Amino acid sequence: MLWLNCLPCFTAKVKKLITVTIENLDTKPLEAKRGEKLLDVILRHGIDYMHACGGKGRCTTCKAKITFFEDELPADTEVELKYREAGRLKTHERLSCQLTIFTSLSLIVPKETQLPHLSYTSYNA
Ligand code: FES
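Residues 970 to 1094 in this note's numbering are what the sequence shown spells out, letter by letter.
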């Protein structure tokens, strides 16, 4: 009931725009809705992003290295935990088809999942 003590604060937080920034692609920050999957945000803005299994959590080609997040991110999903335990997801990497976002974040597309027809700036991802 804390929000009842500060309704303007609560309203401002709920309405606050969240964004996704892809640091190694020349794009503006992407507007996102709270509760969207990261992959859906990227694709909705017309940006090609590898997702070989179609977002079913079966391939890890949609991984993203998260470099910044404003508030906490949700914990790994069961699918992400499985790949993390198998060594297919490194620290700070998340599956964009599994990650539901509620906060602004920045990411780098790892080298191994970069698409050949896009120009990525150099980052040691
Ligand atoms: S698209 Fe295959 S795991 Fe995300």
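For each residue, glycine too, the CB sits at the ideal point set by N, CA and C.
No experiment lies behind these values; they were computed from the predicted model shown.
If you reduce the DSSP assignment to three classes, tell me which class Y1089 lands in.
The count along the sequence shown starts at 1 and reaches residue 1089 at position 120. Looking at Y1089 - three-state DSSP - the assignment turns out to be strand.
Among E1049, S1091, L1042 and E1047, whose alpha-carbon lies nearest the alpha-carbon of E1005?
Taking the first residue of the sequence shown as position 1, residue 1005 is located at position 36. If we check each option's Cα against that of E1005, L1042 comes out closest.
Quick test of the definition: if touching needs 3 or more C-beta pairs under 8 Å, does the region 1022 to 1042 touch the region 1053 to 1063?
yes
Using the DSSP secondary-structure output, state which residues sit across from E1000 in a beta bridge.
Counting from one through the sequence shown, the residue named residue 1000 turns up at place 31. In DSSP, E1000 forms a bridge with T988.
For I1011, name the three-state secondary structure that DSSP assigns.
Residue 1011 sits at position 42 when you count from the first residue of the sequence shown. Helix.
Kindly indicate which three-state DSSP category R1057 falls into: helix, strand or coil?
In the sequence shown, the residue the question calls residue 1057 occupies position 88. Of the three classes helix, strand and coil, the one that applies to R1057 here is coil, per DSSP.
At a cut-off of 7 Å, would you count T1029 as near ligand 1, judging by its Cβ distance to the nearest heavy atom?
Translated into the one-based positions of the sequence shown, residue 1029 becomes position 60. Answer for T1029: yes, Cβ within range of ligand 1.
Could you tell me which of F1071, Q1083, A1055 and S1088 sits nearest to R1027, measuring between CA atoms?
Taking the sequence shown and counting its residues from 1, one reaches residue 1027 at position 58. Looking at the Cα atoms, A1055 is the closest of the given residues.
Is it right to say P1085 is buried, meaning 16 or more other beta carbons lie within 10 angstroms of its own, or is it exposed?
Within the sequence shown, residue 1085 is the residue found at index 116, counting from 1. The residue is exposed, with fewer than 16 neighbouring Cβ atoms inside 10 Å.
Give the straight-line distance between the Cα atoms of I1011 and R1053, rounded to the nearest whole angstrom.
As a first step, residue 1011 must be located in the sequence shown, where it is residue number 42. As a first step, residue 1053 must be located in the sequence shown, where it is residue number 84. Rounded to the nearest angstrom, the two C-alpha atoms are 23 Å apart.
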